[in-house]
Each structure stands twice: as structure tokens, then as C-alpha cells.
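*Asks:* Chains as they are written, first to last, in our numbering: chain A, 1 to 463; chain B, 1001 to 1417.
This is the structure we're talking about:
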């Protein structure tokens, strides 16, 4: 054992990777654990080889991976490893791609687990052929799979238009885009202009859709998905200002693939398991990690950065990677290189602009609770355990009016994914039935292991 | 209270299950009660239920710092059995098993008690001798328990690996056919609903922060996070946190609290017909009605109030499970959690009076509390209501650690932990 402090970073997306690079530049080694085969997170996701695939890799991602490879002397990147547990004492349980789980103690732990999609159950959403927008993107970017049948994309937010533009670009037949939000108002556009490059990109996506002649339905949602063995068509409903359906679905669009995404929220499974304090902030994704100026959580030595702490986008994630590196150097009593201090200060300063941009995105396309009333009473909400909306509502009506109590009573969220998919919807349904705000229903919580792991990989290895 | 029946179920099914009402109230505390039970787990709720049902005490409250059934009641592996060595233990656990048998009907709440048989494996000569001793002792007490050869054990539990060359070879087993499992949450909910219908106030999110005593030393009330409440009688049923509550009254308890872990696999079709225990290696396994294999581990070696145990304990248990059931080794671990168990030096519970007048305690169930829930609540209700122990819990005094009249299940092989 060396006396060198051990820094462990969970997540090799822009936030985690940038933190590791900044630490390496200051002479501090780190271990970066990530469940993907290659670094870059969802935003810079690529296939096994940068040269193939229908989507050109993001040059920032290419650069990030090259820099990580250059600093392999200081950064141990454990690709394909899953962190399945963690304690407040910063002891991680890690499942390698194959083989027994291991324990790993960290002197400083950085959680950069990124975002997860918010899923909205509607009748038919469990049919084969229905994907999250992020899921479609993974297939496109990592596995080079372009849909071979007509696609309808629904939901809201920037990701909807990004994925739509990627579909058009890669030659998929995009039958329609269904956006729950209206056009951004002039006020929102002014806010979006805080990040001119991103605004330009967004307009570019819109123009690409226009050129391809893709119809865009606004203030509307995919209210039902029809089909017997797979998706055959979607039905569109107009939305009220709270995003509940104005009337029964009218327009029907034939398609074979559906992608739906209502924005993203921080993946707070790990911070929740450790017991970090969280707070409810709809502007940055709902349940977010409580952090101080140094991006430290309420648990000593545990930091949370990037979209895994609070939704802020890729620029913010990169910046927080720099800031957290400076915080960790201070904690370890190491000198902070002057360049890093400057960059951290600059990153903090630019935060105001990012915040204005996020507020505009949120004002334009932020999730509204009415969307969760699209599920019919017999629509399955928890797909792992087959729990319907009615079952969750009747649990809440029977007095199990907090999420964890409703979970025990109805079993929603007790399956393989531990509520990662249905947690948002289940919390809203419980809160609505109990007549309380969604934050009063409590934060969805997962238990060890965060991903299922084979018994034989937990049992002691045989000699 | 709405009576649950096939008729109500069909009515509600026709109504898309929209008509179910709250199963118990959510009252604010009154200024005073005739008695207060501290702890809203299965034991505490059962105590309140029987106090109201059998002793007519309706002006009582159960105070729970979290949510009911959220402690060890909702964290155990639901094993029910009564084949303990000593007369005193056999009496109280068998009292519980008899109540389990009619509990769903008594509470009008399906606690899913399933007497599928509990098989305790012997892995060495000491196990064999000691389990046979248990079988004979149990029979003298009228408690069913029988010895099975390895082949008979395999016939009773077909997934079991009885090959002689494994690290923990199966040399036989003691089977209690009346043993089994129940749905742990439903036990808390059933007692809560029953107690509430009899007028008991169940107050959640209400932590006891102090015990108030009069000039004569007797209790006069409690301080809570929801304000002070007056009462002449307090029953403390707080499992792992009992020592903390009792310290508020100046009573030091002979208890140590350890984390104890359990886990479930992903759900699979019915593959496991019974409950199987392997005390030598700390592996306890059954299958839930949902299909998950429910597996219990041993306690951590060190005291702690953490509801997470060490990974090496789980590793040790799954090691044994994979050897006894090689076919389960590719099953995936779905959830793993811990509870805090309060353990006495002789591994038997403490149920009775304390040196403080008006203060009663029910604790020290170690790792075996769930199975005792109805019996424990039943005799403790008697104790709090009458101010003196029921004959069944009379030997389980706090005083025994001073007098030396221990009920030493710790020294017996199939220990009560």
C-alpha cells in the first residue's frame, strides 16, 4: 500500500474525464470507473471504432479520449465496470465486466454519473419498438443501427430535435416529430441566445427537419401507441397548458419505431445510496444533489459534478470537472497549479450564462405534470413488475401515500431497474392521488446492487 | 373498518380498484394516553392490537419515528418456526406459531402465512448431535421436529446438493413442517389496520426524544418531535434502538446492536418448495410468492447502527448458497439491504417490567424476531395492560442477567439468533 491518496471518479463522461485530466495535470492519480466500453458518456458516445458509424463522432469527444489515453500513466480508466454500491465511508462495490465484484476505498470520491431520461407511460409504451430518445441515440452512435422503418419521435426539449436531425441525416424515414412544448417565446429565445453556439445548432436541426419535410406537431403528445406484436401506429393528442390531453387522440400516424423523451434528470442513484442530501429543483431536473461552492456533497469527501448532480449540459459538466479538481487538491493539501485556478475561476464566471440558458430551456420545454395523466388506469407504469397506474393509485388511496410506502404496497419500482424507468411517473401518480406536491412523496431510492449481478460474481472466488 | 372479502374484492375489481379507502387514520397525537407503545414495527403494532382487543385499552398510541414496518419488520427473511431447545423458548415461539396459523382470519388481512416447512441443515457431527437433541427436546414439549437423512432432505428440497465432496456437506437435517414464511409488510399493515379500527392512534414520523418521570421515579410521559405526551405506561418495542430509548429513562440494557443483511434474487418461476436454513454457514433461503429467492446472511462481527452490512458477509453467504445450489449461481442479485438487530448475551429476548415503574420493555429478539411477532405482541400486551408478565414471558426478565437464570439459546447449536 502506498501513502498516495486514492481519488475515484465514477463516470467517464465530460465531467468525470475532465476532472481526471485536471487532477493528472496537477500530479494526482485517479481511477475512473465507467460502465461504457469507451469514455465520453452519452454526449460523446461512439462505437468501438471512431471511423465507422452513421454519426460522425463529436470532435470534443475524440479529443477527450485521446487526452485520457495520453495520461494513462496517471489515469486508470476501468471501462465496462459498474459501481453497484457505495457507503458514506467512500467504500465502493464495483462489478467488472465479468468476474467477481471488488471493493474499492476512496479518499476522495467524485460522482459524475450523468443524466437519465424521464419516461412517461402512455397506453402501448411497453410494445417492442418503443425507445427512449437516448436509447435510439445509443443504437445510432454506439451500434450504428439506423431504424429500417418509419419513425415517430415525441417528447420535448433539445434532445428531441437533435435526435430528429440525426435520424434525417442518417437516412431514417422520420414520419413526424411531436413536441409537447410550443415554439420558444421571444423571452426564451433571448435566454437561449446566452449560448449562441447551442442556439445556432438548434436552429440548424430545425432547418434540417424543414428541408426533409418532416411535419412537426406542437403542443401535442403521443397519447397512445398501437400495435399487436410491435409498434404499428401512434395516436396524437393536443395538450392543454399543463400538458394533460385536451381531448381523445385524433390524428393517427403509421410507423414502426417510436422514440419518446421528456427531458433528462440527474442520475442520483449513487448519491442516494450513499446518503448525500438532495433537494428538489425542477429547473435542474427534479431531485438534485445538494452541493457547496466546492461541489462537495453533504458527505465528507464525496463530490458530485455534471448532469449527475444537477442538469446543466455539457459545457457545465466540463467546467465542473475543472472546479472539482481544484477542490480535491485543496482537500488533499496539494498545491493547485496556477492554470487550474484560473480555469476554475473562469468556469465559475461563465456559469451565469449557462444558468440563463438552462432557465430558458426549462421555461420553454420543462416537464409539466399533466403529461403523466396520459397513462390510462390499466396502463402498466412499472414494467419490471407489471404494476398499473390504478394499482399505484389504489395504494396511495389506501394510505400508502409516500413513494416508498406505495412501492412496498404496489411493488412499483421493486424490479430489475429499481424504479429507474418508472420512478418519475410513480412519484407523480402517488403525489397526485395523495393530493401533495411531488417532492412531498419523496425521492425514488435504489438499493445495493444498483445493477443486478450474478450470485457467482458476489460469492468468493474459488481457487 | 371495511371488511375485506371476496365480495369487496370483486366489487372493487368491477370499479377498477378506485374505491379503496385508507386502511388506517393518520392522527395527530392527543395530549395524553392510557399507554404509549414506542416503536411501530410488527411487535409494537401487535402489542397495541392485543391491548385494545383483549384488554380493552383503546386510549393508546403507537409512536413510530419513521414509517410503520420500516425497520426489521420489513427487512427480515420472514422465517417462522418454533423448534428451539429450551422449554421457555419453545413455549413462546410455539405460542406465536399457533397465532400465525389463524392470523389472516383474526385480522381479516392476508398475511400470506405459508407453512411450507423449515429444514435446518446439519453440516458436521456437532450439528447432527445437537439437532437430534433438539428433535427430542421439541417432541417432549409437543413441538413438531423430525430428523431427515441427506436423501430425505433431498426429497423434501429437490434443489439441494447433497454430494459428499462439497465444502459444507449435508449430513442430514431437522425439519419442522409447521414452520414457514409470511408476508412481512402485511403483518405490520394487518395489525395496524386492526389496532386503528379499535381506536389505537398510530402516529408515524414521531420520534421519542425523552422519557418524563415523576418525583416517585414512575414514568409520566414522553417528549417527542411532535411535542410532549402524558402517559402512565410506556412499552418500548424499538428493536435495535431500544438501548437508546431506555437510556432516556436511565436504564442500561444488556444489548448489542449488529447489522444483519438479507438479499433477493431476480424473480424466477417456482423452484424452491420450502425454507432452508444452514446455521453453520449462515445461509437462509426461501422463495417469495413473487418468485424472488429470499436469502438471509449472518450478522456483521462488529456492533453498528448502520443499515448496511459488510460485503464480505454477503460474499460468504452467497458462497455457501452457490455450493449448496450450484444451479442458482447464475441467478442475479437484485437487492441487498441490512437491518439492525438487538442481541442479548444469552440470545433470548427480554419481555417484561423494568426498574422504572410504568416502563416496560420488549427487545433482544436478535435475528429471530419476525417469527415471534404475534406471540411477542400477545404476551407483551398482557404485561403492559396488567402490569405483570404473562406466564409465557415470565422467565424472560431483564433481571436474569443479574440473577444468572439465563435461557441460554446462545449455547445451543440452533441458536436463537
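Every residue gets a Cβ at the ideal spot worked out from N, C-alpha and C, and that includes glycine.
1) Cα-Cα, which of B:1069, B:1172 and B:1053 is closest to residue 1039 (chain B)?
2) Under 7 Å between beta-carbons, which chain A residues line up against residue 1023 (chain B)? List them in chain order, please.
3) Taking its Cβ as the centre, do 16 or more other Cβ atoms sit within 10 Å of residue 284 (chain A), making it buried, or is it exposed?
4) Excluding the 5 residues preceding and the 5 following residue 1415 (chain B) in the sequence, name in chain order all residues of the same chain whose CB lies nearer than 8 Å to its CB.
5) Considering Cα atoms alone, identify which of A:12, A:18, A:276 and A:257 is closest to residue 128 (chain A).
6) Could you check what DSSP says for residue 388 (chain A) in three-state terms: helix, strand or coil?
7) Is the beta carbon of residue 1041 (chain B) less than 9 Å from the beta carbon of residue 1103 (chain B)?
8) Using C-beta distances below 7 Å, list every residue in its chain close to residue 1137 (chain B), excluding the 5 sequence neighbours before and after it, in chain order.
9) Under 9 Å between the Cβ atoms of residue 1455 (chain B) and residue 1082 (chain B)?
10) Only counting runs of 4 or more residues, tell me where the alpha helix (DSSP H) segments fall wholly within the segment 1231-1255 of chain B, in order along the chain.
11) Quick check on DSSP: helix, strand or coil for residue 1142 (chain B)?
12) Let me confirm a value: residue 1218 (chain B) is counted as buried when at least 16 other C-beta atoms fall within 10 Å, else exposed. Which label applies?
13) Got a sec: which bits of the segment 445-457 of chain A sit with their beta carbon under 7 Å from any beta carbon on chain B, in order along the chain?
14) Check this for me: beta carbons of residue 1048 (chain B) and residue 1202 (chain B), under 9 Å apart or not?
15) In terms of alpha-carbon separation, which member of A:21, A:117, A:49 and A:120 lies closest to residue 77 (chain A)?
16) Determine which residues share a DSSP beta bridge with residue 280 (chain A) and list them.
17) What residues from chain B crowd round residue 271 (chain A), counting only those whose CB sits closer than 8 Å?
18) Within 10 Å of its beta-carbon, does residue 377 (chain A) have 16 or more other beta-carbons around it, so buried, or fewer, so exposed?
19) Less than 9 Å between the beta carbons of residue 1236 (chain B) and residue 1246 (chain B), yes or no?
20) Are the beta-carbon atoms of residue 449 (chain A) and residue 419 (chain A) separated by less than 9 Å?
21) What first and last residue would you give for the alpha helix (DSSP H) that runs through residue 1303 (chain B)?
22) Is it buried or exposed, residue 1165 (chain B), if we count other Cβ atoms within 10 angstroms and call 16 or more buried?
23) Under 9 Å, CB to CB, which of the residues in the segment 405-428 of chain A have a partner in chain B?
24) Spatial neighbours of residue 1382 (chain B) within its chain, please: C-beta separation below 6 Å, excluding the five flanking residues on both sides.
25) Does any CB atom of chain A fall closer than 9 Å to the CB of residue 1363 (chain B)?
26) Residue 379 (chain A) touches chain B at which residues, Cβ-Cβ below 8 Å?
27) Just to confirm my understanding: we take residue 1342 (chain B), look at its own chain, exclude 5 residues before and 5 after, and list those with CB closer than 6 Å. What are they?
28) In its own chain, which residues sit with a C-beta less than 8 Å from the C-beta of residue 1158 (chain B), not counting the 5 before and 5 after it?
29) Does residue 311 (chain A) come out as helix, strand or coil in the three-state DSSP assignment?
30) At a CB-CB cut-off below 9 Å, which residues of chain B make contact with residue 390 (chain A)?
31) Can you say whether residue 12 (chain A) is buried or exposed, counting buried as having 16 or more other CB atoms within 10 angstroms of its CB?
32) Just verifying my parser: in three-state terms, what is the DSSP assignment at residue 1396 (chain B)?
33) Alpha carbons only, please: which of A:363, A:367, A:452 and A:371 is nearest the one belonging to residue 186 (chain A)?
34) Taking CB distances under 9 Å as the criterion, tell me whether residue 1328 (chain B) reaches chain A.
35) For residue 1026 (chain B), would you say it is in contact with chain A, using Cβ-to-Cβ distances shorter than 9 Å as the test?
36) Return the first residue and the last residue of the beta strand (DSSP E) that residue 303 (chain A) is part of.
*Replies:* The structure says:
1) In terms of Cα proximity to residue 1039 (chain B), the closest of B:1069, B:1172 and B:1053 is B:1069.
2) Listed along chain A are 398 and 399, each with a C-beta nearer than 7 Å to that of residue 1023 (chain B).
3) Here residue 284 (chain A) is buried. Its C-beta has 16 or more other C-beta atoms within 10 Å.
4) With a pLDDT of 48 at residue 1415 (chain B), under the threshold of 50, the predicted position of this residue should be treated as unreliable, though the coordinate-derived value follows. Excluding residues within five positions, the ones whose Cβ falls inside 8 Å are 1279, 1347 and 1409.
5) Among A:12, A:18, A:276 and A:257, the Cα nearest to that of residue 128 (chain A) is on A:257.
6) Strand at residue 388 (chain A).
7) If you check the CB distance, residue 1041 (chain B) and residue 1103 (chain B) do not come in under 9 Å.
8) Close CB contacts of residue 1137 (chain B) within its chain, under the 7 Å cut and outside five residues either way in sequence, are with 1085 (chain order).
9) There is no way to answer for residue 1455 (chain B), as the model of chain B reaches only from 1001 to 1417.
10) Look at the segment 1231-1255 of chain B and you find these whole runs of alpha helix (DSSP H), each 4 residues long or longer: 1242-1247.
11) Residue 1142 (chain B) carries a coil assignment under DSSP once its states are collapsed to helix, strand and coil.
12) Under this definition residue 1218 (chain B) is an exposed residue.
13) Those would be 447, 448, 449, 452, 453, 454, 455 and 456, in chain order.
14) With respect to residue 1202 (chain B), residue 1048 (chain B) sits close: the two C-beta atoms are nearer than 9 Å.
15) If we check each option's Cα against that of residue 77 (chain A), A:21 comes out closest.
16) Answer by DSSP bridge pairing, in chain order: A:287.
17) The contacting residues do not exist; residue 271 (chain A) stays about 15 Å from chain B at best.
18) Its Cβ having fewer than 16 others within 10 Å, residue 377 (chain A) is exposed.
19) In contact: residue 1236 (chain B) and residue 1246 (chain B) (Cβ atoms closer than 9 Å).
20) No. Outside cutoff.
21) Per DSSP, residue 1303 (chain B) belongs to no alpha helix (DSSP H) and is neither H nor E.
22) Label assigned to residue 1165 (chain B): exposed.
23) Contact annotation: in the segment 405-428 of chain A, residues whose CB is within less than 9 Å of a CB in chain B are 405, 408, 409, 411, 414, 415, 416 and 418.
24) The residues are 1390.
25) Taking 9 Å as the CB threshold, residue 1363 (chain B) stays off the interface with chain A.
26) None at all; the shortest Cβ gap to chain B is about 12 Å.
27) So the list reads 1239, 1240, 1242, 1255, 1257, 1363 and 1364, once near-sequence residues are dropped.
28) Taking residue 1158 (chain B) as the centre and dropping the five residues before and after it, the same chain places the C-beta of 1273 closer than 8 Å to its C-beta, in chain order.
29) In the structure shown, residue 311 (chain A) sits in coil (DSSP, three-state: anything other than H, G, I, E or B).
30) Residues of chain B passing the Cβ test: 1016, 1017 and 1018.
31) Residue 12 (chain A) is buried by the Cβ-count criterion.
32) Here DSSP, grouped into helix, strand and coil, assigns residue 1396 (chain B) to coil.
33) Just measuring C-alpha positions, the residue of A:363, A:367, A:452 and A:371 sitting nearest residue 186 (chain A) is A:363.
34) Closer than 9 Å to the CB of residue 1328 (chain B) there is at least one CB belonging to chain A.
35) Yes, residue 1026 (chain B) lies at the interface with chain A (some Cβ there is under 9 Å from its Cβ).
36) Element bounds for residue 303 (chain A): 302-304.
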